[in-house]
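K.L.:
For what it's worth, our numbering labels the leading residue of the sequence shown as 464, then goes sequentially.
Each residue gets a CB set at the ideal place from its N, CA and C atoms; glycine is no exception.
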Amino acid sequence: MTVTIYSTTTCPYCKMLKDYLGQKNQPFTEKFVDIDDVARDEMMASSGGFLGVPFSVVTKDDGSKETVLGFDKGKLDSILTTPTV
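#1: Where does Ile498 fall in DSSP's three states?
#2: Give me the DSSP bridge partner(s) of Lys528.
#3: CB Tyr469 to CB Ser519, shorter than 9 Å?
#4: For Gly515, collect the residues of the same chain with a Cβ closer than 8 Å to its Cβ; drop the 5 residues on either side in sequence, then sort them by chain order.
#5: Can you find the residues in the same chain that come closer than 8 Å, C-beta to C-beta, to Met451, ignoring five residues on each side of it along the sequence?
#6: Please return the same chain residues whose Cβ sits closer than 7 Å to the Cβ of Arg503, not counting the five positions on each side in sequence.
#7: Going by the DSSP bridge assignment, what does Thr492 pair with across the sheet?
#8: Check for me: the alpha helix (DSSP H) holding Gly485 runs from which residue to which?
#9: What residue range does the alpha helix (DSSP H) around Gly537 cover?
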């Protein structure tokens with residue numbers, strides 16, 4: 464399972480999300496949409512054009528993807544603890 468976080472350099476909720484994932488020992492990749500045009504375009508494609516951050520994409524081992532808008536602990540916990548087949 465991989466987690467990609469789209470964030471900005473000044474977003475406090477992005478920092479809270481990264482700290483939370485760190486506490487759970489969940490590795491992630493961070494992409495800054497305010498300084499990286501490629502990351503911004505990638506996020507827009509994944510989110511249907513939405514530019515709010517944090518925006519996370521969780522790619523499961525079976526290749527399926529789930530997205531999380533904002534710092535939503537409940538949704539993240541549900542996705543991260545769901546076993547893959």
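P.N.:
By the coordinates alone:
#1: coil
#2: Thr522
#3: Contact: yes.
#4: Leu532, Gly533
#5: Outside the displayed range of the chain (464 to 548) lies residue 451, so it cannot be described from this structure.
#6: Val496
#7: Thr467
#8: From DSSP, the alpha helix (DSSP H) with Gly485 extends over 475-486.
#9: 536-544
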